[in-house]
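K.L.:
Residue numbers (our numbering): 1428 to 1730. Note that the Cβ used here is the ideal one computed from N, Cα and C, for glycine as well. Bear in mind that the values here come from a model prediction, so they are computed numbers and not experimental data. What follows is a single structure, and I will ask about it in a moment.
Quick look at the structure:
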């Protein structure tokens, strides 16, 4: 059983967007950056790694996340087709390298990087993503956020108010949600994996209960017309997001109940608590067993 679990991890690491080291070179040379207009001034860029949000207007360009360093020029080229204005700010939704990898190049170009203070703290020292057994070295100084916040911050740009708020111990301990009020667009970061089981970084103090609470906080401020840019996956909406939250709550309750009954991880996996969800949610980079393993690790912790 352990061999197959390890094999599953290795396969996942090869394919995952938050996974093993990716060699600079051909792996990025073939990546194409796609651009989707979300509203009048908001766009979503997809390439490799977390989805990028772009606010473009007379006050300049505001980015949410910036993927990997080797993609920076491709990302800039895509943005140049939207706006000729300077990239003034990047907000990092959390510290994972598929969301902050472009920080160094952006910082070198004069872009101001903003994030929750826990993002800077984690980027400033070596980290371990335990589930993937991956060590992440400290980021160079130029990649570190230069403005940090503890709870909320607001940007007044391009005719809108971008409300950025911290959600505690969700995907990580430094997650930020970005809500553009007038455009009615929200970028969830990795609180939301649209269409597949989410990775929750327990080793960075993430938790399924935190993800659920963060998701409910998002639900409380959006409406049926809101466009949702997820951390990964296609552009989404409130109906799809609500279904995702229902799945998370059901899976938390099922795995938690089995843990209370004293069952081991292997026993729970054999019971297949996700079987009625797998057709929809098990088509991403995490298998059903791996998602159950993450929930088991999280819900078994003494808190």
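Going by Cα to Cα distance, which pick from 1648, 1488, 1634 and 1723 is closest to residue 1583?
P.N.:
Position 156 of the chain shown holds residue 1583. When only C-alpha atoms are compared, the closest one is 1488.
K.L.:
Could you check if residue 1737 is buried or exposed, using at least 16 other CB atoms within 10 Å of its CB as the buried criterion?
P.N.:
Any question about residue 1737 goes unanswered here, given that the chain covers just 1428 to 1730.
K.L.:
What residues match up with residue 1603 in a beta bridge as DSSP calls it?
P.N.:
Here residue 1603 is taken as the residue at index 176 of the chain shown, counted from 1. According to DSSP, which records beta bridges pairwise, residue 1603 is partnered with 1593.
K.L.:
Could you name each continuous beta strand (DSSP E) segment of 3 residues or more that falls completely within the segment 1651-1693, going from the start of the chain to the end?
P.N.:
1654-1656
K.L.:
Could you check the C-alpha separation between residue 1609 and residue 1588 for me, to the nearest Å?
P.N.:
If you number the chain shown from 1, residue 1609 lands on position 182. If you number the chain shown from 1, residue 1588 lands on position 161. Whole-angstrom Cα-Cα distance: 7 Å.
K.L.:
Could you check where the alpha helix (DSSP H) with residue 1505 kicks off and where it finishes?
P.N.:
Counting from one through the chain shown, the residue named residue 1505 turns up at place 78. Per DSSP, residue 1505 belongs to the alpha helix (DSSP H) from 1499-1507.
K.L.:
Looking at C-alpha atoms only, which residue of 1598, 1698 and 1611 is the closest neighbour of residue 1659?
P.N.:
As a first step, residue 1659 must be located in the chain shown, where it is residue number 232. Comparing Cα positions, the closest option is 1598.
K.L.:
What are the boundary residues of the alpha helix (DSSP H) that includes residue 1549?
P.N.:
Numbered from its first residue, the chain shown carries residue 1549 at position 122. Run containing residue 1549: 1544-1550, per the alpha helix (DSSP H) assignment.
K.L.:
Which of helix, strand or coil does DSSP assign to residue 1460?
P.N.:
The residue labelled residue 1460 in the question sits at position 33 within the chain shown. Here residue 1460 sits in coil by DSSP.
K.L.:
In the structure shown, what three-state DSSP assignment does residue 1614 receive?
P.N.:
Position 187 of the chain shown holds residue 1614. Three-state DSSP puts residue 1614 in a strand.
K.L.:
What's the C-alpha gap between residue 1533 and residue 1516?
P.N.:
The count along the chain shown starts at 1 and reaches residue 1533 at position 106. The count along the chain shown starts at 1 and reaches residue 1516 at position 89. Cα to Cα, residue 1533 sits roughly 9 Å from residue 1516.
K.L.:
Since residue 1517 sits in a beta bridge, which residues does DSSP pair it with?
P.N.:
The residue labelled residue 1517 in the question sits at position 90 within the chain shown. DSSP, once it has assigned bridges, lists 1490 and 1540 as partnering residue 1517.
K.L.:
In three-state terms, what does DSSP make of residue 1534?
P.N.:
As a position in the chain shown, residue 1534 is number 107, starting the count at 1. Assigned with DSSP and collapsed to three states, residue 1534 falls in helix.
K.L.:
Hey, residue 1633 and residue 1725: beta-carbon distance below 9 Å or not?
P.N.:
Here residue 1633 corresponds to residue number 206 of the chain shown, with the count starting at 1. Here residue 1725 corresponds to residue number 298 of the chain shown, with the count starting at 1. Yes, the pair counts as a contact, with Cβ atoms nearer than the cut-off.
K.L.:
Measuring alpha carbon to alpha carbon, tell me which of 1686, 1497, 1522 and 1531 ends up nearest residue 1456.
P.N.:
In the chain shown, counting from the first residue as 1, residue 1456 sits at position 29. If we check each option's Cα against that of residue 1456, 1497 comes out closest.
K.L.:
Buried or exposed for residue 1657, going by 16 or more other Cβ atoms inside 10 Å?
P.N.:
The sequence position of residue 1657 within the chain shown is 230, counting from 1. Its Cβ being crowded by 16 or more others within 10 Å, residue 1657 is buried.
K.L.:
If the criterion is Cβ atoms closer than 9 Å, does the pair residue 1573 and residue 1546 meet it?
P.N.:
Along the chain shown, one-based indexing puts residue 1573 at 146. Along the chain shown, one-based indexing puts residue 1546 at 119. No, the pair does not count as a contact, with Cβ atoms beyond the cut-off.
K.L.:
According to DSSP, residue 1576 sits in a beta bridge with which residue or residues?
P.N.:
Taking the chain shown and counting its residues from 1, one reaches residue 1576 at position 149. BP columns for residue 1576 point to 1543.
K.L.:
List the endpoints of the continuous alpha helix (DSSP H) containing residue 1479.
P.N.:
Walking along the chain shown from the start, residue 1479 turns up at place 52. Per DSSP, residue 1479 belongs to no alpha helix (DSSP H); it is in the beta strand (DSSP E), 1479-1484.
K.L.:
Do you know offhand how far residue 1539's Cα is from residue 1492's?
P.N.:
For the purposes of this step, residue 1539 is identified with residue 112 of the chain shown, where counting begins at 1. For the purposes of this step, residue 1492 is identified with residue 65 of the chain shown, where counting begins at 1. Each residue's Cα considered, the two are about 12 Å apart.
K.L.:
For the alpha helix (DSSP H) that residue 1643 lies in, which residues bound it at each end?
P.N.:
Position 216 of the chain shown holds residue 1643. That run of the alpha helix (DSSP H) goes 1635-1648.
K.L.:
Our contact map puts residue 1619 next to residue 1655 with C-beta atoms below 8 Å; I'd like the distance itself, whole angstroms only.
P.N.:
The residue given as residue 1619 occupies position 192 in the chain shown. The residue given as residue 1655 occupies position 228 in the chain shown. With a Cβ gap of about 7 Å, residue 1619 and residue 1655 count as contacting.
K.L.:
For residue 1586, count neighbouring Cβ atoms within 10 angstroms of its own Cβ and tell me buried if that reaches 16, exposed if not.
P.N.:
Indexing the chain shown from 1 puts residue 1586 at position 159. Its Cβ having fewer than 16 others within 10 Å, residue 1586 is exposed.
K.L.:
Beta-carbon separation of residue 1701 and residue 1681 under 9 Å?
P.N.:
Here residue 1701 corresponds to residue number 274 of the chain shown, with the count starting at 1. Here residue 1681 corresponds to residue number 254 of the chain shown, with the count starting at 1. In contact: residue 1701 and residue 1681 (Cβ atoms closer than 9 Å).
K.L.:
Can you tell which of 1694, 1523, 1707 and 1513 has its C-alpha closest to the C-alpha of residue 1563?
P.N.:
Taking the chain shown and counting its residues from 1, the one referred to as residue 1563 is at position 136. When only C-alpha atoms are compared, the closest one is 1523.
K.L.:
Does DSSP classify residue 1568 as helix, strand or coil?
P.N.:
Against the chain shown, residue 1568 aligns to sequence position 141. Three-state DSSP puts residue 1568 in a helix.
K.L.:
Along the chain, where does the alpha helix (DSSP H) that runs through residue 1469 open and close?
P.N.:
On the chain shown, position 42 is the one that residue 1469 refers to. For residue 1469, there is no enclosing alpha helix (DSSP H); the enclosing beta strand (DSSP E) has its first and last residue at 1469-1473.
K.L.:
Taking the alpha helix (DSSP H) that residue 1418 falls in, what are its first and last residues?
P.N.:
This structure does not reach residue 1418, given that the chain is present from 1428 up to 1730, and the question cannot be answered.
K.L.:
So, for residue 1650: in the same chain, excluding its five sequence neighbours on each side, which residues have a beta-carbon less than 8 Å away from its beta-carbon?
P.N.:
As a first step, residue 1650 must be located in the chain shown, where it is residue number 223. Answer for residue 1650: 1611 and 1665, listed in chain order.
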